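Residue numbers (UniProt numbering): 1 to 393.
The beta carbon of each residue, even a glycine, is placed where N, CA and C say it ideally should be.
Everything numeric in this text was worked out from a predicted model, so none of it was measured.
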């Protein structure tokens with residue numbers, strides 16, 4: 001999981017607080033992980049680039065993930081051709097999402113590559129089935145293909161390696177498409193976010209971790225158990241990779257002090273109520289903690305969307321003028337509202353953190369746990385917080 005606003009947000013089974021307090025069955029089979037659309041696009045682009053440079057399509061084709069893993073992928077389709085742009089090569093990989101109920105599982109992800117203008121570097125195009133950004137507030141400018149920053153970096157690195165091996169400059173155009181992507185996108189939140197024409201190419205780690213309520217909450221519980229057994233007095237429950245890195249940078253935590261909470265704030269807090277740790281840092285993205293601040297304990301997009309009226313009301317409490325409040329009501333993403341507040345010098349992230357801390361303490365019901373809340377932006381920077389406070393319930 002990551003800390004960004006949801007885009008291709010259908011990749012989650014029912015989750016949160018419907019699971020009991022016990023762990024998964026003793027002999028439960030571990031869920032199989034899969035690959036993001038960004039990883040599949042990277043593999044397809046690498047194979048197409050090598051073919052463009054006169055070599056055979058590599059099959060299987062290996063790529064390097066942000067964490068250093070080097071998985072290899074079989075090619076489902078390959079093609080070479082000529083067009084207005086000159087010679088091109090195309091390869092495709094079928095996405096395997098593992099045991100995650102992902103809307104793009106089984107989709108054919110294609111990459112078509114051709115030479116760009118000298119000195120242009122690697123540029124991107126949206127092929128059939130990949131959307132285009134039409135509204136502000138996302139991590140890409142309006143008009144850009146909906147290929148997120150980490151997949152762009154992965155693809156550029158992969159085709160750059162292929163160019164270097166061929167002794168050529170990596171001035172390439174990479175067009176990414178997803179078969180039937182425009183239809184699949186109707187099952188996501190892309191339209192609401194202003195991504196038109198297809199899916200987003202996503203991924204921060206390159207790996208899909210199955211979204212299983214029982215398995216995930218069981219892993220949270222075991223993480224708390226391990227921290228308690230180690231005698232730790234301070235742990236951090238984070239919603240994703242970016243927030244986890246922010247906490248590590250601030251506190252230098254060992255791995256045992258980090259709880260991969262994901263969207264399961266309620267399951268985490270309820271377990272800590274009965275198995276307390278003296279100090280708890282909750283760290284997560286602004287959009288997700290805006291939900292926690294409203295009292296939602298399952299932070300997944302299926303359980304509740306960003307409430308822009310609520311955020312606008314919070315800005316009004318901080319003294320925002322009518323124009324800013326109206327702008328927040330009509331915003332496209334929570335990140336956009338956060339930017340508006342920052343430009344006006346209003347501590348909206350701090351205010352949301354305080355309300356999120358209040359909601360968390362209410363669930364803890366007087367358990368001996370002091371709670372701190374840290375709010376991060378899309379780059380993983382801590383932009384707001386509420387200091388440690390213990391419940392008086």
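**Prompt:** According to DSSP, is residue 377 helix, strand or coil?
**Reply:** Reduced to three states, the DSSP call for residue 377 is coil.
**Asked** Hey, residue 281 and residue 372: beta-carbon distance below 8 angstroms or not?
**Response** Between residue 281 and residue 372, the C-beta gap is smaller than 8 angstroms, which places the two residues in contact.
**Request:** Identify every run of the alpha helix (DSSP H) within the region 123-171, keeping only runs that are complete inside it and at least 4 residues long; order them along the chain.
**Result:** 149-165
**Request:** Give me the Cα-Cα distance between residue 370 and residue 276, rounded to the nearest whole angstrom.
**Result:** 10 angstroms
**Message:** Do residue 352 and residue 293 have their beta-carbon atoms positioned less than 8 angstroms apart in this structure?
**Reply:** yes
**Prompt:** Quick one: what does DSSP say residue 254 is sitting in, helix, strand or coil?
**Reply:** Coil at residue 254, not helix or strand.
**Prompt:** Name the DSSP bridge partner or partners of residue 83?
**Reply:** 86
**Asked** Mapping DSSP to helix, strand and coil, what is residue 390?
**Response** strand
**Prompt:** If you check the beta carbons only, do residue 227 and residue 257 fall under 8 angstroms apart?
**Reply:** Yes.
**Asked** Cβ atoms of residue 109 and residue 41: under 8 angstroms apart, would you say?
**Response** yes
**Prompt:** Could you give the residue range of the alpha helix (DSSP H) that holds residue 181?
**Reply:** 181-184
**Request:** Pull up the distance between the alpha-carbon of residue 384 and that of residue 288, whole angstroms please.
**Result:** 13 angstroms
**Request:** Quick one: which unbroken alpha helix (DSSP H) runs of 4-plus residues sit fully inside the region 298-342? Chain order, please.
**Result:** With a minimum length of 4 residues, the continuous alpha helix (DSSP H) runs that stay inside the region 298-342 are 308-317 and 322-329.
**Asked** Looking at C-alpha atoms only, which residue of 55, 72, 360 and 246 is the closest neighbour of residue 375?
**Response** 246
**Chain-order list of residues whose beta-carbon lies under 8 angstroms from that of residue 65 (same chain, five-residue window excluded)** = 39, 71, 154, 205, 206 and 207
**Message:** Check whether the region 121-137 and the region 177-191 are in contact - that is, three or more C-beta pairs closer than 8 angstroms.
**Reply:** With the cut-off at 8 angstroms, the region 121-137 and the region 177-191 touch.
**Asked** Does residue 179 come within less than 8 angstroms of chain B when only Cβ atoms are used?
**Response** No chain B appears in the structure shown, which is made up of a single protein chain.
**Asked** Relative to the C-alpha of residue 116, which residue among 143, 141, 174 and 377 is closest?
**Response** It is 174 whose Cα lies nearest to the Cα of residue 116.
**Asked** Since residue 78 sits in a beta bridge, which residues does DSSP pair it with?
**Response** 91
**Message:** If you reduce the DSSP assignment to three classes, tell me which class residue 367 lands in.
**Reply:** coil
**Message:** Assuming the contact rule is C-beta atoms closer than 8 angstroms, residue 224 and residue 272 should be a hit. Round their C-beta distance to whole Å, please.
**Reply:** 6 angstroms
**Asked** Leaving out the 5 sequence neighbours to the left and right, which residues in its chain are closer than 6 angstroms to residue 316 when beta-carbon positions are compared?
**Response** 325
**Request:** Run the CB neighbour count on residue 233, radius 10 Å, all protein chains shown included, and call it buried at 16 or more, exposed below.
**Result:** exposed
**Request:** Report back the beta-carbon spacing between residue 354 and residue 320 to the nearest angstrom; my notes put them in contact at under 8 angstroms.
**Result:** Rounded to whole angstroms, the Cβ separation of residue 354 and residue 320 is 17 angstroms, and the two are not in contact under 8 angstroms.
**Item:** Nearest residue (CA-CA) to residue 124, options 218, 80, 111 and 118
**Value:** 111
**Per-residue DSSP class, three states only, for residue 228** = helix
**residue 267 classed as buried or exposed, judged by whether at least 16 other C-beta atoms fall within 10 angstroms** = buried
**Request:** Out of 285, 113 and 59, point me to the one whose CA is closest to residue 84's CA.
**Result:** Closest in alpha carbon position to residue 84, among 285, 113 and 59, is 113.
**Message:** Please state the DSSP three-state secondary structure of residue 174.
**Reply:** Three-state result, residue 174: strand.
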